[in-house]
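Start counting the sequence shown at 2; every next residue gets the next number (my numbering). A virtual CB, placed ideally from N, CA and C, is assigned to each residue, including glycine.
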Amino acid sequence: MMSSAVEAFKQGRLVVLPTETVYGLSAPIDQPELLKKIFTLKERPFFDPLIVHVHDTEQAKSLVAQWPEIAERLAKAFWPGPLTLVLEKNPTQVSDLITSGLNTVGIRCPKHKVALKFIKEVGVPLAAPSANKFGKTSPTSIEHVQSEFKEQDVYYLDGGPCQVGIESTIVGIKGNTLTVLRSGVISEKELKPLLKDNEKLVYHSSHEVVAPGQVKHHYMPNVPLVFFRTHPTDNLLKEVCKDIGVTQLQSLELPHEAEIAARVLYSNMRDKAKRAKGLYCYIDKSKDQDPQWLGIIDRLNKASQLQITEPDQS
Ligand code: AMP
Ligand code: MG
């Protein structure tokens, strides 16, 4: 299976890469034609940079201008795992096509044995965004990917259902400051204890778009999704249905534990969207205070066409 996947690149085909977060659509970073194919197949704009996947820290070091000690600390603690580090790139190794002309590169070492073995066997880091059409829900099983790229000639590496279920936490490193560019299951709760006294962690302000992963709409299911941050009473639900022009909204229930909720979020969203005219999900506002829910809340904010924050007044 592995050797035919390596062979697939030589035949000009992309390889679907299983990781613990979501499935990726991969190409070696030194093959511009294949990299371009990622953007074409996904219908992804070229201004959206790709994350580069490595099999170990040594390979990561070859991609950057400098490997600061804080990166070493984070990599030791969380790699392989769902954390992407954004660092100044080594321009001889990482092209502008991958980074959309930015002078930084996002790097991750995934915690999935198929992915690690494959990257090692290819011998070159792999650029891989999520294996879905641009702006749509990310795939957490091989079946999701197959349904999205039906008629496309891509090679599928099956790694079973994704255990994390939402995309990696992305952290930019500049001097003594870590900036959370995208929330994920590695939250400030896990990151902060690793920081020294003179280092700080900040959140990227949503007003400033660094890359399109931070734009308003992303991860969207095929039917409208309404995100309730206040209890959805029957009256409120009826009003919202009228407002958005659907007859009924089906509830997207999430497990109480953040880790499990992240794991099932996208697959539940996809399954329900197949049978419903519209979906709604309710997560109480108080969960904003819990770092472990931030990744899930971020995805629902972007996947929903409407957020309801005010209680029913009628
Ligand atoms: P995905 O499509 O899930 O693989 O995520 C890719 C996202 O990673 C992009 O949309 C960006 O938000 C982010 N990203 C990748 N590279 C960089 C970078 N050099 N600087 C900032 N964000 C980046
Ligand atoms: Mg994506």
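>> For Y281, tell me which candidate among Q290, M270, D289, S287 has the shortest Cα-Cα distance.
In response: The sequence position of residue 281 within the sequence shown is 280, counting from 1. Nearest C-alpha to Y281: M270.
> According to DSSP, which residues form a beta bridge with Y156?
Replying inline: Taking the sequence shown and counting its residues from 1, one reaches residue 156 at position 155. According to the DSSP secondary-structure assignment, Y156 is paired through a beta bridge with V16.
> How should I167 be labelled, buried or exposed, when 16 other C-beta atoms within 10 angstroms of its C-beta is the threshold for buried?
Replying inline: Locating residue 167 in the sequence shown gives position 166, counting from the first residue. Buried.
> Do you know how far the Cα of S131 is from the Cα of V123?
Replying inline: To locate residue 123, count along the sequence shown from 1; it is residue 122. To locate residue 131, count along the sequence shown from 1; it is residue 130. As the crow flies, the alpha-carbon of V123 is around 19 Å from that of S131.
> Enumerated in chain order, which unbroken segments of the beta strand (DSSP E) with a length of 3 residues or greater are wholly contained in the segment 4-86?
Replying inline: 16-18, 25-29, 52-54
> Are the Cβ atoms of V1 and Y156 separated by less than 8 Å?
Replying inline: Here the chain has residues from 2 to 315 only, and residue 1 is not among them.
> So V146 packs on A263, CB below 8 Å; how close in whole Å?
Replying inline: Position 145 of the sequence shown, counted from the start, is the residue given in the question as residue 146. Position 262 of the sequence shown, counted from the start, is the residue given in the question as residue 263. That pair is no contact at about 19 Å.
> Which residues count as close to the ligand MG when the rule is a CB under 6 Å from any of its heavy atoms, in chain order?
Replying inline: P130, S131, S139
> Who are the Cβ neighbours of A277 in its own chain at under 7 Å, not counting the five residues just before and after it?
Replying inline: For the purposes of this step, residue 277 is identified with residue 276 of the sequence shown, where counting begins at 1. V224, Q251, listed in sequence order.
> Closest by CA to H257, which one among V241, D272, I297, Q32?
Replying inline: As a working mapping, residue 257 is identified with position 256 in the sequence shown. The option with the nearest alpha carbon to H257 is I297.
> In chain order, what residues of the same chain have a beta carbon less than 7 Å from the beta carbon of K118, not counting five sequence neighbours either side?
Replying inline: Residue numbering aside, residue 118 sits at position 117 when the sequence shown is read from its first letter. For K118, where only same-chain residues beyond five positions count, the Cβ hits under 7 Å are M3.
>> Which of the three DSSP states is assigned to L202 in this structure?
In response: The residue labelled residue 202 in the question sits at position 201 within the sequence shown. Strand at L202.
>> The alpha helix (DSSP H) that contains Y267, what's its start and end?
In response: Indexing the sequence shown from 1 puts residue 267 at position 266. Following the DSSP letters along the chain, one finds Y267 inside the alpha helix (DSSP H) bounded by residues 259-276.
> DSSP three-state call for S139: helix, strand or coil?
Replying inline: Working through the sequence shown from its first residue, we reach residue 139 at position 138. Note: S139 maps to coil in three-state DSSP.
> Of all the options S268, N104, Q12, A259, which has the alpha carbon lying nearest to the alpha carbon of A66?
Replying inline: By 1-based counting over the sequence shown, the position of residue 66 is 65. Cα-wise, what sits closest to A66 is N104.
> Should D49 be listed as close to the ligand AMP, given that the test is whether its C-beta is under 7 Å from any heavy atom?
Replying inline: The count along the sequence shown starts at 1 and reaches residue 49 at position 48. Flag set: Cβ of D49 near the ligand AMP.
> For K303, which three-state DSSP category applies?
Replying inline: The residue labelled residue 303 in the question sits at position 302 within the sequence shown. Three-state result, K303: helix.
> Leaving out five residues before and five after K190 in sequence, what residues of the same chain have Cβ atoms less than 7 Å from its Cβ?
Replying inline: Taking the sequence shown and counting its residues from 1, the one referred to as residue 190 is at position 189. Here the set comprises P292, Q293.
>> Within 8 Å, do at least three Cβ pairs link the segment 71-85 to the segment 24-36?
In response: no
>> Could you tell me the alpha carbon to alpha carbon distance between E200 and R109, rounded to whole angstroms?
In response: Indexing the sequence shown from 1 puts residue 200 at position 199. Indexing the sequence shown from 1 puts residue 109 at position 108. So the two alpha carbons sit approximately 22 Å from each other.
>> Just checking T105 against the ligand AMP - is the residue's beta carbon closer than 7 Å to any of the ligand's heavy atoms?
In response: Taking the sequence shown and counting its residues from 1, one reaches residue 105 at position 104. Indeed, a heavy atom of the ligand AMP lies less than 7 Å from the Cβ.
> Would you say the beta carbon of V87 comes nearer than 7 Å to a heavy atom of the ligand AMP?
Replying inline: Within the sequence shown, numbered from 1, the residue matching residue 87 stands at position 86. Because some heavy atom of the ligand AMP lies under 7 Å away, the Cβ of V87 counts as near it: yes.
> Under three-state DSSP, which class holds I99?
Replying inline: As a first step, residue 99 must be located in the sequence shown, where it is residue number 98. Helix, per DSSP.
> Taking the continuous alpha helix (DSSP H) assigned at V241, which residues delimit it?
Replying inline: One-based indexing of the sequence shown puts residue 241 at position 240. Its alpha helix (DSSP H) spans residues 235-245.
> Do you know how far the Cα of T231 is from the Cα of Y283?
Replying inline: On the sequence shown, residue 283 is found 282 positions in, with the first residue counted as 1. On the sequence shown, residue 231 is found 230 positions in, with the first residue counted as 1. About 7 Å.
> How long is the line joining the alpha carbons of S142 and W68, rounded to whole angstroms?
Replying inline: Numbered from 1 along the sequence shown, position 141 holds the residue referred to as residue 142. Numbered from 1 along the sequence shown, position 67 holds the residue referred to as residue 68. So the two alpha carbons sit approximately 34 Å from each other.
> In this structure, what does DSSP give as the bridge partners for I174?
Replying inline: As a first step, residue 174 must be located in the sequence shown, where it is residue number 173. I174 pairs with L179.
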